[in-house]
Amino acid sequence: MKRTWEQTCFIAVFLAPALLLFTVFVAIPGARALLYSLQKWDGLSEPKWVGFSNFVALFRDDLFRIALGHNLFLTVTAGSATILLALFFAAVLHRRVRGSAVFRVAFFFPNVIASVAVALLWLLLYSTTDFGVLNGFLAWMKETVGWPAVSLPIPFTGKPYLVYSVVPMLVWTATGFYMVLFLAAMEGIPESFYEVAELEGVSPFGQFWHITLPLIREVVVVGVVFLVIGSLKLFEAVWIMDNEWPSKETHVMATLLYQKVFSEYNVGYGSAVAVLMFVLVFVATLATLRFSRREALEY
Amino acid sequence: MKLYSAILRTGIAVGVVLPLAVIFLRWDGAVRPRPPGDDPWRRVELAVFEGGYGIAWHQKTAAEYTAAHAEERAIVNVWGEPRMAEKVKPRILRGDPPSLIMDNRLPLWLMISTGKLLPFDGALDRPAYGSDVPWRDLFLPGTLDTYTSGGKVYAIPTSFGAWACWYDARQFREHGWSVPRTWYEFETLCRQIDAAGIAPIAYQGKYPYYAWFTYISLLQRCGGLALINRINAMEPGAFSDPVALKAAGMLQDLARRYFQRGSLAMSHTESQLQFVNNKAAMIFCGVWLENEQRDTIRPGFELCCFNVPAVEGGKGNPRLFNGLGTEYVFMPTEGRNPDVAADFTRYMVSLEKGPDMGASIGVISPLRGGCPPSAVSPALQSVLHMLDASMVDGTPGIFNVRLAELLLEWQQQVMIPSLAGLLHGTLTPEEFARRLDNGIAHARADPDIIIPEFKPYDPQAFGEPL
Amino acid sequence: MLSLLKSAILYAVLLVWLLAVVMPLLWVFAGSLRSSREFVEDPFGIPWLITGSPYADNPDVDTPWESVVADFRKAWVKSKFSRFFFNSVLVTTLSLVGIISISSMASYVLAKFTFPGSKLVLLYFVSGLMVPAQLVLIPLFFQFTTLSRWGTALLAPFGYEVELHDTFTGLITIYIALSLPFTILVLTGFFKSLPSELREAGIMDGCGEYGVFRHIMLPLSKPGLVTAAIFNFLGIWNEYLFALVFMNSDSHKTLPLGLAAVSIQAQYRTDFGLMFAGLVIVLVPTLLVYIVLQKQLTRGITVGALKG
Numbered sequence: 015m016k017r018t019w020e021q022t023c024f025i026a027v028f029l030a031p032a033l034l035l036f037t038v039f040v041a042i043p044g045a046r047a048l049l050y051s052l053q054k055w056d057g058l059s060e061p062k063w064v065g066f067s068n069f070v071a072l073f074r075d076d077l078f079r080i081a082l083g084h085n086l087f088l089t090v091t092a093g094s095a096t097i098l099l100a101l102f103f104a105a106v107l108h109r110r111v112r113g114s115a116v117f118r119v120a121f122f123f124p125n126v127i128a129s130v131a132v133a134l135l136w137l138l139l140y141s142t143t144d145f146g147v148l149n150g151f152l153a154w155m156k157e158t159v160g161w162p163a164v165s166l167p168i169p170f171t172g173k174p175y176l177v178y179s180v181v182p183m184l185v186w187t188a189t190g191f192y193m194v195l196f197l198a199a200m201e202g203i204p205e206s207f208y209e210v211a212e213l214e215g216v217s218p219f220g221q222f223w224h225i226t227l228p229l230i231r232e233v234v235v236v237g238v239v240f241l242v243i244g245s246l247k248l249f250e251a252v253w254i255m256d257n258e259w260p261s262k263e264t265h266v267m268a269t270l271l272y273q274k275v276f277s278e279y280n281v282g283y284g285s286a287v288a289v290l291m292f293v294l295v296f297v298a299t300l301a302t303l304r305f306s307r308r309e310a311l312e313y
Numbered sequence: 443m444k445l446y447s448a449i450l451r452t453g454i455a456v457g458v459v460l461p462l463a464v465i466f467l468r469w470d471g472a473v474r475p476r477p478p479g480d481d482p483w484r485r486v487e488l489a490v491f492e493g494g495y496g497i498a499w500h501q502k503t504a505a506e507y508t509a510a511h512a513e514e515r516a517i518v519n520v521w522g523e524p525r526m527a528e529k530v531k532p533r534i535l536r537g538d539p540p541s542l543i544m545d546n547r548l549p550l551w552l553m554i555s556t557g558k559l560l561p562f563d564g565a566l567d568r569p570a571y572g573s574d575v576p577w578r579d580l581f582l583p584g585t586l587d588t589y590t591s592g593g594k595v596y597a598i599p600t601s602f603g604a605w606a607c608w609y610d611a612r613q614f615r616e617h618g619w620s621v622p623r624t625w626y627e628f629e630t631l632c633r634q635i636d637a638a639g640i641a642p643i644a645y646q647g648k649y650p651y652y653a654w655f656t657y658i659s660l661l662q663r664c665g666g667l668a669l670i671n672r673i674n675a676m677e678p679g680a681f682s683d684p685v686a687l688k689a690a691g692m693l694q695d696l697a698r699r700y701f702q703r704g705s706l707a708m709s710h711t712e713s714q715l716q717f718v719n720n721k722a723a724m725i726f727c728g729v730w731l732e733n734e735q736r737d738t739i740r741p742g743f744e745l746c747c748f749n750v751p752a753v754e755g756g757k758g759n760p761r762l763f764n765g766l767g768t769e770y771v772f773m774p775t776e777g778r779n780p781d782v783a784a785d786f787t788r789y790m791v792s793l794e795k796g797p798d799m800g801a802s803i804g805v806i807s808p809l810r811g812g813c814p815p816s817a818v819s820p821a822l823q824s825v826l827h828m829l830d831a832s833m834v835d836g837t838p839g840i841f842n843v844r845l846a847e848l849l850l851e852w853q854q855q856v857m858i859p860s861l862a863g864l865l866h867g868t869l870t871p872e873e874f875a876r877r878l879d880n881g882i883a884h885a886r887a888d889p890d891i892i893i894p895e896f897k898p899y900d901p902q903a904f905g906e907p908l
Numbered sequence: 047m048l049s050l051l052k053s054a055i056l057y058a059v060l061l062v063w064l065l066a067v068v069m070p071l072l073w074v075f076a077g078s079l080r081s082s083r084e085f086v087e088d089p090f091g092i093p094w095l096i097t098g099s100p101y102a103d104n105p106d107v108d109t110p111w112e113s114v115v116a117d118f119r120k121a122w123v124k125s126k127f128s129r130f131f132f133n134s135v136l137v138t139t140l141s142l143v144g145i146i147s148i149s150s151m152a153s154y155v156l157a158k159f160t161f162p163g164s165k166l167v168l169l170y171f172v173s174g175l176m177v178p179a180q181l182v183l184i185p186l187f188f189q190f191t192t193l194s195r196w197g198t199a200l201l202a203p204f205g206y207e208v209e210l211h212d213t214f215t216g217l218i219t220i221y222i223a224l225s226l227p228f229t230i231l232v233l234t235g236f237f238k239s240l241p242s243e244l245r246e247a248g249i250m251d252g253c254g255e256y257g258v259f260r261h262i263m264l265p266l267s268k269p270g271l272v273t274a275a276i277f278n279f280l281g282i283w284n285e286y287l288f289a290l291v292f293m294n295s296d297s298h299k300t301l302p303l304g305l306a307a308v309s310i311q312a313q314y315r316t317d318f319g320l321m322f323a324g325l326v327i328v329l330v331p332t333l334l335v336y337i338v339l340q341k342q343l344t345r346g347i348t349v350g351a352l353k354g
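Protein chains in written order, with the working numbering: chain A, 15 to 313; chain B, 443 to 908; chain C, 47 to 354.
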């Protein structure tokens, strides 16, 4: 097809803003982050080239290993709990439980709350002061039922326990999102499949296992990758819950990065953390493209 | 024809969008008039960490100074913010800092070593406001040393911080408890309090840093200033000295037995709230406690402090105490009008303003005699009393360990987590000490960390055996 | 009988989760009705606002109503939540306008025209999906300094200077740039699904390329635009990290930043009333918007997620 001069102009004018913004504010900074990670720089004086020594330091450093460990821990625990719960709720609501609209709307809601507000809310729930609901509830249980027999209040957000206390919060927030995602996929399954299964006397669990799950497999994979990427980038939950002053026991990669650069002026180290996060996200994304190749090829 | 209309349409779109964009950019300040190069006013911006003290007193003092120096066209503006460091750090990184900053959560030593701070020595050698003694000579011993490098002083403390154990004298009276003088008495008292159904000691567990100062005091009580000297000199293995291990063990024991349950997850204000509501009887804290809790202390609460008790068989003089300069101000090199900034600091930290500061915001001036007891609350009077009692031959008996300020990364990554481990019982005193020592060795080996000269304390002059 | 038991169990599980989601929120609303004194003295009871204060005959103690009003006024006026709110609305609106117009233009071209390298350009944009925002955070910070300096050099002859740090312009630009990969991916998919014959017919009718885009393609792709807008709305309205790094002055803070700052402030002053009031001020609009838009929202999320 021959293009007119007008078309060429049109293409150029329509593409230019996006290309310019993306290049200046995403592509170039991304490339510069790679360069920074090879430098020793405090942001104040002249940078020095140091090769890969930031990365070497990173892997020798307990701090980074612990932070990465926390990310992986949260991915595995919160991630699997979220996926399982979301699948369960989606399956239940899909089979037309009465009031499913109410459940769907309510379950999704934590997702739209600002993550800062969510973290603050849970910080207050976990509080060991007089109004901490969770400790108050446990104390009431202990008094009436005699269980749990632990010394109260439990310092949920104390530094050694914080990373565990983040798990329920993440599950609380994310389950609704994945439920809606899976539910939408399930609604694409023809009703006739279930009718046949019903006639053959397949149990509801059997229907789920043999019909629903295989047919939404790809969406579940997409969900898993979303979750992995999300937990690798986690910042607010830890940052707010540890009163904006995280340390060794509580760091995740993103808080470590922030603190290294903006508190300790260690730009090279912080950038090295960022580059590793990028590598991990990259691997996770490649995995999606691999698993859901059909969608990917459309574009 | 089509082309013509396309150009016309684009022209109209640009003609509408562009002015709007310009108006927005101008309103937003993204594009703004350049300040004239020759500003007739010599402006100084003071950024204050807005903790318990607020900024009202600083603003008042700045207004006074501005009024008094109208002829020199000096203007001092003050703003404050509880998260000062987060706001100021980016401005330092982009080369547009305030002239004066009051917040020691910034990496001051890094800034000193990269030439990003100006020294105050010019002002320090001039006479203090309202006095003919050089300003430098008025400071309480040690308070200027924290940020001294190569003989130059890069930060000025605006108040004096002392660490002590606080209690409610009324509650003590009602229960018939008395202030302990020795560690044995202290532990006995804790048991009595526990038996009365009250938590003996509240603790700011979210910030394990608070316990550091109790630990420092215990180190001195057990090992004397000689041990404090070895630690300040960053001697290898100093924390693993058997005497130091004993101090760590005592602290761990205290935490395990007598710290309030749940306090490990409490922030400073949460635990302090427990204390002012008499749910916990004592708390280790700095002098700002009263100020931080002034809205929550109920009438009748008699806030008082006592020095960390003597340890039986310890080498240290128990009248000495852990005291240091706090609320440091410093001048970034790229800030405007450093001469005015330094002069204003000299005015703010003066014998003249000391009583006013004590009365208005409840802090003690870092200058000798800068804060008469009549000017301050009973709680601060008990601190001044502690200061008087520490005097040995006319010299206040103050000691401090400088490592936390000097080695910011060590503080963040080694000291605080290790201290948390010790208090949670996940580290033994030996492991705790080994981590501190290893961290120090690591820092010493780092060529990028400058370690300034250190003036050791003279134990004998303070009545301690060698 | 058995199935009855089964569905009872299912309902029980659903109800437990419903309570887990709803109770904390109700608790925050109840908490915002308490005075700071109440948090210490009677934290779990029905708020004194309803039952009456035990200090009713003490004239020195504020009545529950007074202290609740005082807390909210303090949050809205003194802690500047009104300002944060305005800032968030401004930043989100302008970012969305920018994102949707810029991305729809680019996506349309990428979906409906083939030119040398068109595939490559799309790949270039989409590869941005793999860049975590944290990677560009640090360089952007220093790049803003450089760009401001260049801008100032350019405008200095006219007596102006340029500053991108701590301005809405800077933050909005970042938000637009960072959302391009996702938005372009979604919208390109939408434009591709629209028949190309429409464009040819429009050209025949003398609409011109721009006319086809504006009057035919854009209206038809509305579901895609809405999806993209909703996704970006949630992301930007709640964004914290970039706002934390780039917006330093009080008057420029967005709502999440303001909430975090106030919570720290409230802790220094042991002011739980203020903290709860702040939380409620953030939650109420979210709740209202959610109730109004929840249908489009969940549908949008689904479509977007399945496409992305």
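Glycine included, C-beta positions come from ideal geometry on N, C-alpha and C.
1) From the DSSP output, which residues share a beta bridge with S601 (chain B)?
2) Are the C-beta of I230 (chain A) and some C-beta of chain B separated by less than 9 Å?
3) Quick one: is D567 (chain B) buried, meaning 16 or more other Cβ sit within 10 Å of its Cβ, or exposed?
4) Taking the CB atoms as reference points, tell me whether F170 (chain A) and Y192 (chain A) lie closer together than 9 Å.
5) Rounded to a whole number of angstroms, what is the C-alpha to C-alpha distance between A6 (chain A) and Y789 (chain B)?
6) What are the residues that DSSP puts in a beta bridge with Y206 (chain C)?
7) Strictly under 9 Å for the Cβ-Cβ distance: is L140 (chain C) near chain E by that measure?
8) With 16 as the cutoff for other CB atoms within 10 Å, does K795 (chain B) come out buried or exposed?
9) Closer than 9 Å, CB to CB, is A472 (chain B) near chain C or not?
10) Here's a check: name, in chain order, each residue in its chain whose Cβ is nearer than 7 Å to the Cβ of D785 (chain B), leaving out the five neighbours to either side.
11) Using a beta-carbon distance below 9 Å, is M15 (chain A) in contact with chain B?
12) So I543 (chain B) packs on K558 (chain B), CB below 8 Å; how close in whole Å?
13) Closer than 9 Å between beta carbons: that is the criterion. Which residues of the stretch 257-284 of chain C meet it against chain A?
14) For V252 (chain A) and A81 (chain A), I'd like the C-alpha separation in whole angstroms.
15) State the DSSP-derived secondary structure class of K341 (chain C), mapped to helix, strand or coil.
16) Rounding to the nearest angstrom, what Cα-Cα distance links D88 (chain C) and W73 (chain C) in this structure?
17) Which complete beta strand (DSSP E) runs does the stretch 576-651 of chain B hold, if anything under 3 residues is left out?
18) If we require 4 or more residues per run, which alpha helix (DSSP H) segments fall completely within the stretch 148-215 of chain A?
19) Taking the continuous alpha helix (DSSP H) assigned at L181 (chain C), which residues delimit it?
20) For a cutoff of 9 Å on Cβ pairs, would you count L552 (chain B) as touching chain A?
21) Can you give the Cα-Cα distance for V147 (chain A) and A54 (chain C), rounded to whole angstroms?
22) When DSSP labels each residue in this structure, what does G235 (chain C) get in the three-state scheme?
23) Nearest to R761 (chain B) by CA position, among B:S682, B:G839, B:P859, is which residue?
24) Of all the CB atoms in chain B, is at least one closer than 9 Å to the CB of W161 (chain A)?
25) Could you tell me whether any Cβ in chain B is nearer than 9 Å to the Cβ of Q311 (chain C)?
26) For E851 (chain B), which residues from the same chain have a beta carbon less than 8 Å from its beta carbon, with the 5 sequence-adjacent residues on both sides left out?
27) Which residues bound the alpha helix (DSSP H) around E232 (chain A)?
28) Thinking just about the alpha-carbon of each residue, which of C:Q342, C:R80, C:V143, C:G319 is nearest to the one in T273 (chain C)?
29) State buried or exposed for L311 (chain A), treating a residue as buried only when at least 16 other CB atoms are found within 10 Å of its CB.
30) Cα separation between V459 (chain B) and F466 (chain B)?
31) Would you report the Cα separation of I891 (chain B) and V490 (chain B), rounded to the nearest angstrom?
On the basis of the supplied data:
1) Within the second sequence, numbered from 1, the residue matching residue 601 (chain B) stands at position 159. According to DSSP, which records beta bridges pairwise, S601 (chain B) is partnered with B:T768.
2) Here residue 230 (chain A) corresponds to residue number 216 of the first sequence, with the count starting at 1. False, the Cβ-Cβ gap to chain B never drops below 9 Å.
3) Indexing the second sequence from 1 puts residue 567 (chain B) at position 125. Exposed: under 16 other Cβ atoms inside 10 Å.
4) By 1-based counting over the first sequence, the position of residue 170 (chain A) is 156. By 1-based counting over the first sequence, the position of residue 192 (chain A) is 178. For F170 (chain A) and Y192 (chain A), no; Cβs fall outside 9 Å.
5) As displayed, chain A neither begins before 15 nor continues past 313, which places residue 6 (chain A) out of reach and without an answer.
6) In the third sequence, the residue the question calls residue 206 (chain C) occupies position 160. Answer is B:P475.
7) Any reference to chain E falls outside this structure, whose protein chains are A, B and C.
8) Along the second sequence, one-based indexing puts residue 795 (chain B) at 353. Counting Cβ neighbours within 10 Å, K795 (chain B) comes out buried, since at least 16 surround it.
9) Residue numbering aside, residue 472 (chain B) sits at position 30 when the second sequence is read from its first letter. Interface residue, yes.
10) Taking the first residue of the second sequence as 1, we reach residue 785 (chain B) at position 343. For D785 (chain B), where only same-chain residues beyond five positions count, the Cβ hits under 7 Å are A565.
11) On the first sequence, position 1 is the one that residue 15 (chain A) refers to. With a pLDDT of only 49 at M15 (chain A), under the threshold of 50, the placement of this residue in the model should not be trusted; the figure read from the coordinates follows. No, its Cβ sits nowhere closer than 9 Å to a Cβ of chain B.
12) Within the second sequence, the letter at position 101 stands for residue 543 (chain B). Within the second sequence, the letter at position 116 stands for residue 558 (chain B). Contact flag wrong, Cβ pair sits at about 11 Å.
13) F259, L280, W283, N284
14) To locate residue 252 (chain A), count along the first sequence from 1; it is residue 238. To locate residue 81 (chain A), count along the first sequence from 1; it is residue 67. Their Cα atoms are separated by approximately 11 Å.
15) Here the question's residue 341 (chain C) lines up with position 295 in the third sequence. Helix, per DSSP.
16) By one-based count along the third sequence, residue 88 (chain C) stands at place 42. By one-based count along the third sequence, residue 73 (chain C) stands at place 27. In a straight line, the C-alpha of D88 (chain C) is about 14 Å away from that of W73 (chain C).
17) 598-610, 641-644
18) 173-201, 205-213
19) As a working mapping, residue 181 (chain C) is identified with position 135 in the third sequence. Taken as a continuous stretch (DSSP letters only), the alpha helix (DSSP H) holding L181 (chain C) covers 179-201.
20) Mapped onto the second sequence, residue 552 (chain B) falls at position 110. At least one chain A Cβ lies under 9 Å of L552 (chain B).
21) Working through the first sequence from its first residue, we reach residue 147 (chain A) at position 133. Working through the third sequence from its first residue, we reach residue 54 (chain C) at position 8. Taking the straight line from one Cα to the other gives about 28 Å.
22) Walking along the third sequence from the start, residue 235 (chain C) turns up at place 189. Here G235 (chain C) sits in helix by DSSP.
23) Within the second sequence, the letter at position 319 stands for residue 761 (chain B). The residue with the shortest Cα to Cα distance from R761 (chain B) is B:G839.
24) Here residue 161 (chain A) is taken as the residue at index 147 of the first sequence, counted from 1. For W161 (chain A), the answer is no, since every Cβ of chain B falls outside 9 Å of its Cβ.
25) In the third sequence, counting from the first residue as 1, residue 311 (chain C) sits at position 265. Yes - at least one Cβ of chain B is within 9 Å of the one on Q311 (chain C).
26) As a first step, residue 851 (chain B) must be located in the second sequence, where it is residue number 409. If we look at E851 (chain B) and ignore the five residues flanking it on each side, its Cβ neighbours are A885.
27) Sequence index remark: in the first sequence, residue 232 (chain A) carries index 218 (1-based). Looking at the DSSP string, the run of the alpha helix (DSSP H) that includes E232 (chain A) is 231-246.
28) Residue mapping note: residue 273 (chain C) aligns to position 227 of the third sequence, counting from 1. Comparing Cα positions, the closest option is C:Q342.
29) The residue you call residue 311 (chain A) lines up with position 297 of the first sequence. Confidence at L311 (chain A) is low in this model, with a pLDDT of 35, below 50, so its placement is unreliable and the value that follows should be read with caution. It counts as exposed.
30) Indexing the second sequence from 1 puts residue 459 (chain B) at position 17. Indexing the second sequence from 1 puts residue 466 (chain B) at position 24. Between V459 (chain B) and F466 (chain B), the C-alpha separation is close to 11 Å.
31) Taking the second sequence and counting its residues from 1, one reaches residue 891 (chain B) at position 449. Taking the second sequence and counting its residues from 1, one reaches residue 490 (chain B) at position 48. Taking the straight line from one Cα to the other gives about 27 Å.
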